[in-house]
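Read in order, the letters of the sequence shown correspond to residues 1 to 222 in the UniProt record's numbering. Ideal Cβ positions, reconstructed from N, Cα and C, are used throughout, including at glycine.
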Amino acid sequence: MGLRAALTHECLNIDYSALPLQCKGLIGHGGYGEIYYAIDVRSQEEVAIKVEPKKRKGRTVKRMILEQKVLLRLQGRPHIPKMIASGHDNRINFIVMQLLSVNIGDLKKASPVRRLGRSTVGRILQQAIAGLRDVHLGGYIHRDVKPANMCFGISPQTRHVLVLVDFGLVRRYKNMDGTIRPLRSRAGFRGTVRYVSIRVHERIDQGPADDLVSLVYSGKRY
1 MGLRAALTHE CLNIDYSALP LQCKGLIGHG GYGEIYYAID VRSQEEVAIK
51 VEPKKRKGRT VKRMILEQKV LLRLQGRPHI PKMIASGHDN RINFIVMQLL
101 SVNIGDLKKA SPVRRLGRST VGRILQQAIA GLRDVHLGGY IHRDVKPANM
151 CFGISPQTRH VLVLVDFGLV RRYKNMDGTI RPLRSRAGFR GTVRYVSIRV
201 HERIDQGPAD DLVSLVYSGK RY
C-alpha cells in the first residue's frame, strides 16, 4: 500500500474520540503528508485534517509535532490558521484546523492574464507582513515563505484575510527569555530554492529578515 492509500485509510479510521468529524475526501498531498476535507457533524463546520506518517523511510518524522507546538503558541492571531485539535495514533500524527480557500499561487494561475493587479499584490504583501510580524514576535522564523503557503479564509468573515500556512520548517530564533540564539557556523538548506535569500544558498543561519526577502521574491512572482 502506498503512502497516499495508507493515509486515506488512516483518515477514515482515526479514533477522533470527542471530535465527531466526518472525513469527506482528499484536498491535496505532498512529500510529507496529506490534507483532507471534513465536517464537524455537531456544528456543521467545515474543517481540514492535516495528516503525517510518524515514520518515513524508517526515520521518525517530527515536522507535524513542531507545527502543532508553533500553531498552539500562535493561536489568536488573525493571519495564523485556527487549530481546532491535534492528536496521533500508532501510525500517524494529525492536526484539525481551519479550512482555507485558494493559495496565492493558484489565484495567480486562475487570472486570465496570469498576473495579479498591483493593488491586489500590495494588499497581499501588507497582510503577509502582518502575519510574519506575529510569527517573529512569537520567537520563530517561518523559513518557507512562498505563494503556495499563503491562503485566504473560506468563510464570509475570513475570505479577505490572508493566512500563513505550513509551519513544518519553522525554527525558533529567540530563546524563551527573549534573547537571540547564537548563529550556527553553518546551517542546512531550508526553504524553497526559488524564494530563499542568498544567505540561505550560502548556508548562513536564517533570521526574520530572510522571511521578508522570501516575501519580496514571492511578490515579484505575482
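- Taking the Cα positions, isoleucine 84 is about 5 Å away from valine 96.
- A contact between stretches requires three or more CB pairs, one per stretch, nearer than 8 Å, and the region 131 to 142 meets this requirement with the region 172 to 183.
- Per DSSP, reduced to three states, the secondary structure at asparagine 149 is helical.
- If you draw a 10 Å sphere on the C-beta of glycine 117, you find fewer than 16 other C-beta atoms in it, and that means exposed.
- Between aspartate 210 and serine 197, the C-beta gap is smaller than 9 Å, which places the two residues in contact.
- In this chain, the alpha helix (DSSP H) harbouring valine 70 covers 63 to 74.
- A residue is called buried once 16 or more other Cβ atoms fall within 10 Å of its Cβ, and leucine 72, having fewer, is exposed.
- Per the coordinates, the alpha-carbon of leucine 162 lies some 15 Å from the alpha-carbon of lysine 108.
- DSSP places serine 185 outside any alpha helix (DSSP H), giving it a letter other than H or E.
- Beta-bridge partners of methionine 97 (DSSP): Ala48, Met83.
- With fewer than 16 neighbouring CB atoms inside 10 Å of its own CB, histidine 201 falls in the exposed class.
- Following the DSSP letters along the chain, one finds glycine 28 in no alpha helix (DSSP H) but inside the beta strand (DSSP E) bounded by residues 21 to 29.
- The beta-bridge partner set that DSSP reports for arginine 172 consists of Tyr140.
- Considering only Asp106, Lys50, Pro81, Pro156, the residue with the shortest C-alpha distance to asparagine 93 is Lys50.
- In this structure, the straight-line span from the alpha carbon of arginine 159 to that of asparagine 149 is close to 16 Å.
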